[in-house]
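K.L.:
Top to bottom, those sequences are chains A and B. Under this note's numbering, the residue at position 443 of the first sequence is numbered 489, and the numbers go up by one with no gaps. Under this note's numbering, the residue at position 126 of the second sequence is numbered 183, and the numbers go up by one with no gaps. By construction, the Cβ of each residue, glycine as well, lies at the ideal position given by its N, Cα and C atoms. Values in this document were obtained by computation on a predicted structure and should not be read as measured data. Structure in structure tokens, see below.
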Amino acid sequence: MSGTFANFLIPLQIGARDMASPFMNMLSYWFFFIASIVMLSSLFVETGPFSGGWTAYPPLSALHDASPGSKTGMDLWIISMALFVVSSLLGGLNYITTILNMRTKGMSMTRLPLTIWALFFTAVLGVLSFPVLLSGLILLIFDRNFGTSFYLSDIYVNGVGALSNEGGSAILYQHLFWFLGHPEVYIILLPAMGMVSEIISVNSRKPIFGYMAMLGSLFAIAILAFLVWAHHMFVTGLNPFLGSVFVLLTLLIAIPSGIKVFNWLTTLWRGNIRFTPGMLFAIGFVSLFISGGLTGIWLGNAALDIYLHDSYFVVAHFHIVMGVASMFGMFAGVYHWFPKMYGRYLNNSLGYIHFWITLAGAYLIFWPMHYQGLAGMPRRYFDFSIWESFKQFAELNRFISTVAMIVFATQILFLINFFYSIFKGRKVTVLNPWESNTLEWTTPINPGHGNWPGEIPEVHRWPYDYGKDGHDFITQTTPVGEDESGTH
Amino acid sequence: MATTQIESNNKIHPYKMLLWVGFGSIVMMFAGLTSAYIVKKSQANWLEFDLPNLFWFSTLVILVSSFTIQMAVKKAKAGEMDQYRGFLSVTAILGITFIILQLRGFQALELQNVALTGVRSNSAGSFLLVIAGLHLLHLVGGVIAIAVISLKARAAKSSTNQVLSVELVASYWHFVDILWIYLFVFLNWVG
Ligand code: HEM
Ligand SMILES: [Cu+2]
């Protein structure tokens, strides 16, 4: 998601003809493409795809004989992940450089739309955390194929006896993994935050509240993202003192998160709100982020987490905040920028249906899951019905599955809308359909190569002059008037 | 516009910035590995051993090569093509020497009975292999880059189009050099 929107929005919103290195962009694309093929091919190997969950903890992932899914499927998984890391790195380097180096005249860093800032921090997180995952994966490859003992110790394996490895530590992998793993959740979320900030401001016809605070909180989130990884490891026998440090750092994230929510709500407050589908999804994002963030605070307390860990409470937490909220951010972005992408509008009525069913569905699915988790239902079980103690959840599970299918069907509706509208949607006839201030709406309706036919426009102000001095909106390219009140 | 012209408003060229951000990324990878090394060392079953002297020689070689590539940059800027090509070749040869010395270093460890891989290996040796090996891969990349710009330099009459490329390659080369010094100090004394 960061990839699509970054390549699309960065040049358009900062006023650049293309990315800093189109060549690296192409490389990044092909690495991603090959990674996807490798990943998909693992579905078709005889022993099946890798089956150890997205975290791929050793020893399951390090021993070929741990399960059928630990054989070729696992090798393909690692290769695919490594290629994916390279792809992300190439992409991220390019985004950072483009934003720092290729802005048009007058576009100072503090005049950048928040979308761009969010994409910038996303790229920084990726560039600094993915290499650590890569190093973890390389050690895993060595353990699997070259008999080393980074993660493996002399554990006893059924039918094999004790392994000959000595002194390896499976927990080491968890540290390396979560050093990426936690930033990764923000890599997924930050672009959504950026787009939501932009869309809320445009459709409230008000300047974003607290631009600098938004930047500061993005920055704080990015820094903290590197300092909290062990909150995924509270049950690994972490030194209790270290554990409490990680609790503290984790709970600190609530502050910048709270600032952001406060600023979004204040931007909405007394706004002239236009409830476009994009705006609805943006508001939905805020709601879901609040819900999911709150449960994060529960989980951030080691004492509670020791009980809740690996339960459906965690599943509900991260699906709401990472799964659904970031999807909402993406939908908001698609509805908002579709006219720029294809020169046509998405169908609004379908958009409203899509939004309401998805929002209601998301809460109906994940709300009950919190209760299941509190009641002790563990995650990652293949079949709950064979345990007497979990039978009580059967009915609720059936309900959740039903809603999930309805929500899924609604997403198909969205896809139909998407592809139909590319060819048959209502045509965009004005340059700036949302009456927005940012640069992308100064390009032709279907921008060609190089984005602007003539000179790249110069920027004279920040992008959030909405409802200022009696003007509904003042685009970034408008020079500052003589008697204008304070400018940014 | 058919080609994408670089319209940069800052003094630093975008490709240079790209490279520098890339350094940050590579540093993080080695930071991850050396942190893992420290964690691992503090646990049971850690094998202590001395680095073979070969690694001292390779360190010396890579230090000298940083000097020669800097000379190449200087000559490219001055437009002295023959000397420019000469210094590039010397750097490439030093780079290849470094590669050979490192590989011999790994061999020497195996001879000292410090297994780097396989059932007898201890993660102390394996870490050395992975860390120094990954560094070596980065250096191989540098040698390839030097080979590429050398080929271009042979075809070119003047060095005006070459300055940026050789500057980029030289920055990378210095980076890989400094990275090795860090790793060498780390493996010898810290770790
Ligand atoms: C105030 C904010 C947040 C706090 C304090 C927080 C805290 C936590 C904690 C402590 C866990 C570990 C639970 C366990 O495994 O026992 C966790 C899991 C998770 N969180 Fe959050 N979280 C927050 C926000 C977010 C956000 C914004 C995202 C994503 C966009 C996110 C994504 C995840 C994911 C994916 C997991 C599960 C990883 C796994 O075990 O597979 N969290 N969170
Ligand atoms: Cu986390």
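Identify every run of the beta strand (DSSP E) within the stretch 343-415 of chain A, keeping only runs that are complete inside it and at least 3 residues long; order them along the chain.
P.N.:
Taking only runs of at least 3 residues, no beta strand (DSSP E) segment lies wholly in the stretch 343-415 of chain A.
K.L.:
Given 6 Å as the limit, tell me if L236(A) has its C-beta closer than that to any heavy atom belonging to ligand 1.
P.N.:
Not under cutoff, so the answer is no.
K.L.:
I need the boundaries of the beta strand (DSSP E) containing D518(A), first residue and last residue.
P.N.:
It spans H517 to F519 - the beta strand (DSSP E) in which D518(A) sits, taken as one unbroken run.
K.L.:
Could you check whether the Cβ of H221(A) sits closer than 6 Å to any heavy atom belonging to ligand 2?
P.N.:
Outside the cutoff, so no.
K.L.:
Could you tell me which uninterrupted beta strand (DSSP E) segments, each at least 3 residues in length, are contained entirely in the stretch 70-124 of chain B, listed from first to last along the chain?
P.N.:
List check, beta strand (DSSP E) in window: nothing returned.
K.L.:
So, at 6 Å on beta carbons, what are the nonlocal neighbours of L295(A) in its own chain, with the 5 sequence-adjacent residues on each side left out?
P.N.:
Cβ neighbours of L295(A) beyond the five flanking positions: L273 and V274.
K.L.:
In its own chain, which residues sit with a C-beta less than 6 Å from the C-beta of G339(A), not counting the 5 before and 5 after it?
P.N.:
Closer than 6 Å at Cβ, skipping near neighbours: S303.
K.L.:
Just to make sure I have the definition right: I need the residues of chain B whose C-beta is within less than 9 Å of the C-beta of F188(A). Which are they?
P.N.:
Near F188(A) (Cβ distances below 9 Å), the residues of chain B are T174, S183, L186 and V187.
K.L.:
Please identify the residue among L297(A), K252(A) and L298(A) whose C-alpha is closest to the C-alpha of R316(A).
P.N.:
When only C-alpha atoms are compared, the closest one is K252(A).
K.L.:
Along the chain, which unbroken stretches of the beta strand (DSSP E) at least 3 residues long are found entirely within the stretch 208-279 of chain A?
P.N.:
DSSP runs (the beta strand (DSSP E)) wholly in the stretch 208-279 of chain A: none.
K.L.:
Quick test of the definition: if touching needs 3 or more C-beta pairs under 8 Å, does the stretch 165-172 of chain A touch the stretch 386-403 of chain A?
P.N.:
No: the two stretches stay apart, fewer than three of their Cβ pairs being nearer than 8 Å.
K.L.:
Does ligand 2 have even one heavy atom less than 6 Å from the beta-carbon of H228(A)?
P.N.:
Answer for H228(A): yes, Cβ within range of ligand 2.
K.L.:
Taking Cβ-Cβ distances shorter than 9 Å, what residues in chain B pair up with V173(A)?
P.N.:
Correct list: V78, G79, G81, S82 and M85.
K.L.:
Mind checking whether the beta-carbon of L193(B) lies closer than 6 Å to any heavy atom of ligand 1?
P.N.:
No, the Cβ of L193(B) stays beyond 6 Å of every heavy atom of ligand 1.
K.L.:
Which residues in chain B have a C-beta closer than 7 Å to the C-beta of T194(A)? List them in chain order.
P.N.:
What T194(A) touches in chain B: T174, S178, S180 and S183.
K.L.:
On a CA-only basis, which of S92(B), L90(B) and L104(B) is nearest L166(B)? Give me that one, please.
P.N.:
Here the closest residue by C-alpha is L104(B).
K.L.:
Can you give me the start and stop residues for the beta strand (DSSP E) that G137(A) sits inside?
P.N.:
Element bounds for G137(A): not the beta strand (DSSP E) but the alpha helix (DSSP H), T118 to N147.
K.L.:
With a threshold of 7 Å between beta-carbons, can A213(B) be considered close to chain A, or not?
P.N.:
It does not; no Cβ of chain A falls within 7 Å.
K.L.:
What in chain A is Cβ-close to G162(B), meaning under 9 Å?
P.N.:
Near G162(B) there are no residues of chain A at all, since even the closest Cβ is about 18 Å away, more than 9 Å.
K.L.:
P114(A) by DSSP, collapsed to three states: which one?
P.N.:
P114(A): helix per DSSP, three-state reduction.
K.L.:
Exposed or buried, which one is N66(B) when buried takes at least 16 other CB atoms within 10 Å?
P.N.:
Reliability of the predicted coordinates at N66(B) is poor, the pLDDT of 47 falling under 50, and the value obtained from them is presented with this limitation in mind. Under this definition N66(B) is an exposed residue.
K.L.:
Output the residue ranges of the alpha helix (DSSP H) runs that lie fully inside the stretch 134-191 of chain B and measure 4 residues or longer, sorted by chain position.
P.N.:
As far as the stretch 134-191 of chain B is concerned, its whole alpha helix (DSSP H) runs of at least 4 residues are 138-168.
K.L.:
Starting from G527(A), trace the beta strand (DSSP E) in both directions and tell me its first and last residue.
P.N.:
G527(A) -> no beta strand (DSSP E), and no H or E assigned at all.
K.L.:
Return the CA-CA distance between G375(A) and P237(A), expressed in angstroms with no decimal places.
P.N.:
C-alpha separation (whole angstroms): 8 Å.
K.L.:
At a CB-CB cut-off below 8 Å, which residues of chain A make contact with V96(B)?
P.N.:
Near V96(B) (Cβ distances below 8 Å), the residues of chain A are S215, L218 and H221.
K.L.:
Please list, in chain order, the chain A residues whose beta carbon lies closer than 7 Å to that of L90(B).
P.N.:
The contacting residues are S181.
K.L.:
Could you work out which residues of chain A lie near Q100(B), taking near to mean beta carbons separated by less than 7 Å?
P.N.:
By Cβ distance, chain A contributes G213 and S215.
K.L.:
Beta-carbon within less than 6 Å of F439(A)'s beta-carbon, same chain only, minus the 5 sequence neighbours each way: which residues are those?
P.N.:
Taken in chain order, the residues that qualify are Q418 and M423.
K.L.:
Using only the alpha-carbon positions, how far apart do M127(A) and D189(A) sit?
P.N.:
Roughly 17 Å separates the two Cα atoms.
K.L.:
Of the choices T404(A), I502(A), G138(A) and S116(A), whose alpha-carbon is the least far from that of R149(A)?
P.N.:
Answer by Cα proximity: I502(A).
K.L.:
At a cut-off of 6 Å, is A300(A) close to ligand 1 when judged by its beta-carbon and the heavy atoms of the ligand?
P.N.:
Yes, the beta carbon of A300(A) sits closer than 6 Å to at least one heavy atom of ligand 1.
K.L.:
Measuring alpha carbon to alpha carbon, tell me which of A268(A), S195(A), S215(A) and L264(A) ends up nearest H228(A).
P.N.:
Ranking A268(A), S195(A), S215(A) and L264(A) by Cα distance to H228(A) puts A268(A) first.
K.L.:
If you measure from the CB of L165(A), is any heavy atom of ligand 1 nearer than 6 Å?
P.N.:
Flag unset: Cβ of L165(A) not near ligand 1.
K.L.:
From the DSSP output, in three-state form, read off Y202(A) for me.
P.N.:
Three-state result, Y202(A): strand.
K.L.:
Could you check if D351(A) is buried or exposed, using at least 16 other CB atoms within 10 Å of its CB as the buried criterion?
P.N.:
D351(A) comes out buried.
K.L.:
According to DSSP, simplified to helix, strand and coil, what is Y512(A)?
P.N.:
In this structure, Y512(A) counts as strand in the three-state DSSP scheme.
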